[in-house]
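> Take this structure, written in structure tokens, and hold onto it; I'll ask about it next.
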Amino acid sequence: MIESVSIIFIAFSGFFLAAYLFHKKRRKHEPFICPLRANCSEVMQSNYSKFLGIPVEVLGLCYYAVLALVHGLVLMQESLRWLDVYLLIVSSIALLFSLYLTAIQIVALRKFCTWCLLSASFCLAIFALSIVGSLEIVLPFLAGYQMSILGLHLLVTGIGTGTATITTLFFYKFLKDGRLSEDETGVLSTLFEFGWLSLCLLLISGSAFYLSFSEGLFSSSLWMLELIAVSVVIIISGFLTLRVMPRLVKISSGQEHEHLAGELLRARKIVFTLGPMALLSWYVAFVFGSLSDRLPFSFQQLLSTYVLLLLVAFLIGRMAYHRVVSRPEKII
Numbered sequence: 309m310i311e312s313v314s315i316i317f318i319a320f321s322g323f324f325l326a327a328y329l330f331h332k333k334r335r336k337h338e339p340f341i342c343p344l345r346a347n348c349s350e351v352m353q354s355n356y357s358k359f360l361g362i363p364v365e366v367l368g369l370c371y372y373a374v375l376a377l378v379h380g381l382v383l384m385q386e387s388l389r390w391l392d393v394y395l396l397i398v399s400s401i402a403l404l405f406s407l408y409l410t411a412i413q414i415v416a417l418r419k420f421c422t423w424c425l426l427s428a429s430f431c432l433a434i435f436a437l438s439i440v441g442s443l444e445i446v447l448p449f450l451a452g453y454q455m456s457i458l459g460l461h462l463l464v465t466g467i468g469t470g471t472a473t474i475t476t477l478f479f480y481k482f483l484k485d486g487r488l489s490e491d492e493t494g495v496l497s498t499l500f501e502f503g504w505l506s507l508c509l510l511l512i513s514g515s516a517f518y519l520s521f522s523e524g525l526f527s528s529s530l531w532m533l534e535l536i537a538v539s540v541v542i543i544i545s546g547f548l549t550l551r552v553m554p555r556l557v558k559i560s561s562g563q564e565h566e567h568l569a570g571e572l573l574r575a576r577k578i579v580f581t582l583g584p585m586a587l588l589s590w591y592v593a594f595v596f597g598s599l600s601d602r603l604p605f606s607f608q609q610l611l612s613t614y615v616l617l618l619l620v621a622f623l624i625g626r627m628a629y630h631r632v633v634s635r636p637e638k639i640i
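Note that our numbering has the sequence shown beginning at 309, numbered continuously upward.
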């Protein structure tokens, strides 16, 4: 009970914080009050202030409001404790989303919003309290729906793999001329956001499936291999989304930035090289998630095969890059 009361209090605090950001963002002539000499206004007005076209502060308002309301209902009616399962799922998504937004501040913007970091702290606290207060309900629930959770996990992985395939093809197509137009940037940004959403749901559904077994997560070699592949996807996608793509946009639009000799060719080489590796990792995650854990191969054999395939994908990407830039009409 104490966990739910604490979550309601934090959710109310988060709701009022999101309402403040919503109000201040629409009054552009009024400066943000941003403690610790941070850059709240620049972060909140940046290109990353929306996710799939929805302002992040609106998502925050909806999340905190729903959380406070449902936890209040659970407190008043003990028979609604089964809702703890879904509340934990929602708080897990919110935590991963807050980590994504924090990574944007650190890597892409290199500027910080004090209020945004406070909201991320709220999400972390709510997740921790949800774990403590709901495991006795969640674990039996997961054990009873193993196959349904596995089916959802495979569906999410398939959607993510398809999104990654389309994103890679579009990225290659758009970069043949060495530039990203405003429309092309919009398409890629939307695809990347769908990809991040798929990754979030993949991590949650995969963890839920393997937690449903009494031996836990790390007893499964396939889960470990899938986790490694997903980690590679996160690292590469994060680098392309938060470091390479913003530079390509600045170059293409003529925005002021620190110019480096040959930066466009280097950026294109990185995309062509890392793109196939990320795409391969999505397919590997999908295959490993689909297989039975009783395979005639050891963890080391499967891991070695994956590393070898990564090397092949790396070489294919380099060959594709050299093929494109070797055409006289494509040299920028």
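Ideal Cβ placement from N, Cα and C applies to all residues, glycine included.
Helix, strand or coil, according to DSSP, for residue 363 in the structure here?
Locating residue 363 in the sequence shown gives position 55, where the first residue counts as 1. Residue 363 carries a strand assignment under DSSP once its states are collapsed to helix, strand and coil.
> I'd like to check one pair, residue 389 with residue 445: are the Cβ atoms closer than 7 Å?
The sequence position of residue 445 within the sequence shown is 137, counting from 1. The sequence position of residue 389 within the sequence shown is 81, counting from 1. For residue 445 and residue 389, yes; Cβs fall inside 7 Å.
> Drop a sphere of 10 angstroms on the beta-carbon of residue 326, count the other beta-carbons inside from all chains shown, and report buried for 16 or more, exposed for fewer.
Counted from its first residue, the sequence shown places residue 326 at position 18. So residue 326 counts as buried.
> Compare the beta carbon distance of residue 343 and residue 422 with 7 Å and say whether it is the shorter of the two.
For the purposes of this step, residue 343 is taken as the residue at position 35 of the sequence shown. For the purposes of this step, residue 422 is taken as the residue at position 114 of the sequence shown. Cβ atoms of residue 343 and residue 422: closer than 7 Å.
> Within 10 Å of its beta-carbon, does residue 461 have 16 or more other beta-carbons around it, so buried, or fewer, so exposed?
Reading the sequence shown from its first residue, position 153 is the one you call residue 461. So residue 461 counts as buried.
> Within the continuous alpha helix (DSSP H) that includes residue 448, where are the two ends?
Counted from its first residue, the sequence shown places residue 448 at position 140. Its alpha helix (DSSP H) spans residues 422-452.
> Find out if the Cβ-Cβ distance for the pair residue 583, residue 471 is shorter than 7 Å.
Counting from 1 along the sequence shown, the entry for residue 583 is found at position 275. Counting from 1 along the sequence shown, the entry for residue 471 is found at position 163. A distance of 7 Å or more separates the beta carbons of residue 583 and residue 471.
> When you compare the CB positions of residue 365 and residue 330, do they come within less than 7 Å of one another, or not?
On the sequence shown, position 57 is the one that residue 365 refers to. On the sequence shown, position 22 is the one that residue 330 refers to. Contact: yes.
> From what residue to what residue does the alpha helix (DSSP H) around residue 407 run?
Position 99 of the sequence shown holds residue 407. Residue 407 -> alpha helix (DSSP H) spans 391-411.
> Where in the stretch 319-379 do unbroken runs of the alpha helix (DSSP H), each at least 4 residues long, occur, reported from the N-terminal end onward?
348-352
> Spatial neighbours of residue 434 within its chain, please: C-beta separation below 6 Å, excluding the five flanking residues on both sides.
Residue numbering aside, residue 434 sits at position 126 when the sequence shown is read from its first letter. Excluding residues within five positions, the ones whose Cβ falls inside 6 Å are 315, 318 and 399.
> Verify whether the separation of the beta carbon atoms of residue 550 and residue 632 is less than 7 Å.
The residue labelled residue 550 in the question sits at position 242 within the sequence shown. The residue labelled residue 632 in the question sits at position 324 within the sequence shown. Going by C-beta atoms, residue 550 is not nearer than 7 Å to residue 632.
> Under 7 Å between the Cβ atoms of residue 396 and residue 427?
Numbered from its first residue, the sequence shown carries residue 396 at position 88. Numbered from its first residue, the sequence shown carries residue 427 at position 119. Not closer than 7 Å, so no.
> Under the rule that 16 or more other beta-carbon atoms within 10 Å means buried, what is residue 607, buried or exposed?
Along the sequence shown, read from residue 1 onward, the residue named residue 607 stands at position 299. Burial call: exposed.
> Within 10 angstroms of the Cβ of residue 613, are there 16 or more other Cβ atoms? Answer buried if so, exposed if not.
Counting from one through the sequence shown, the residue named residue 613 turns up at place 305. Per the 10 Å Cβ criterion, exposed.
> Enumerate, from N- to C-terminal direction, the unbroken beta strand (DSSP E) stretches of 3 or more residues contained entirely within the stretch 504-548.
none
> Exposed or buried, what is residue 394 when buried is set at 16 or more other beta-carbons lying within 10 Å of its beta-carbon?
The sequence position of residue 394 within the sequence shown is 86, counting from 1. Exposed is the call here.
> For residue 442 and residue 322, what's the separation of their Cα atoms in angstroms?
Position 134 of the sequence shown, counted from the start, is the residue given in the question as residue 442. Position 14 of the sequence shown, counted from the start, is the residue given in the question as residue 322. When rounded, the distance between both Cα atoms is 21 Å.
> For the putative contact between residue 458 and residue 478, defined by C-beta atoms under 8 Å, what is the C-beta separation to the nearest angstrom?
Residue numbering aside, residue 458 sits at position 150 when the sequence shown is read from its first letter. Residue numbering aside, residue 478 sits at position 170 when the sequence shown is read from its first letter. With 8 Å as the limit, residue 458 and residue 478 do not qualify as a contact, their Cβ atoms being about 31 Å apart.
> For residue 554, count the other beta carbons within 10 Å of its own beta carbon; 16 or more makes it buried, fewer makes it exposed. Which is it?
The sequence position of residue 554 within the sequence shown is 246, counting from 1. Looking at its Cβ environment, which holds 16 or more other Cβ atoms inside 10 Å, residue 554 is buried.
> Given a cut-off of 7 Å, decide if residue 510 and residue 469 are closer than it, judged by their beta-carbon atoms.
Residue mapping note: residue 469 aligns to position 161 of the sequence shown, counting from 1. Residue mapping note: residue 510 aligns to position 202 of the sequence shown, counting from 1. Not in contact: residue 469 and residue 510 (Cβ atoms no closer than 7 Å).
> Which one of 586, 576 and 358 has the shortest CA to CA distance from residue 480?
Numbered from 1 along the sequence shown, position 172 holds the residue referred to as residue 480. Taking only the C-alpha atoms, the option nearest residue 480 is 576.
> For residue 629, which residues in the same chain have their Cβ closer than 6 Å to its Cβ, ignoring the five residues on either side in sequence?
Taking the first residue of the sequence shown as position 1, residue 629 is located at position 321. For residue 629, where only same-chain residues beyond five positions count, the Cβ hits under 6 Å are 577 and 580.
> Pick from 593, 362, 348 and 312: whose alpha carbon is nearest that of residue 382?
Residue numbering aside, residue 382 sits at position 74 when the sequence shown is read from its first letter. The shortest Cα separation from residue 382 among 593, 362, 348 and 312 belongs to 312.
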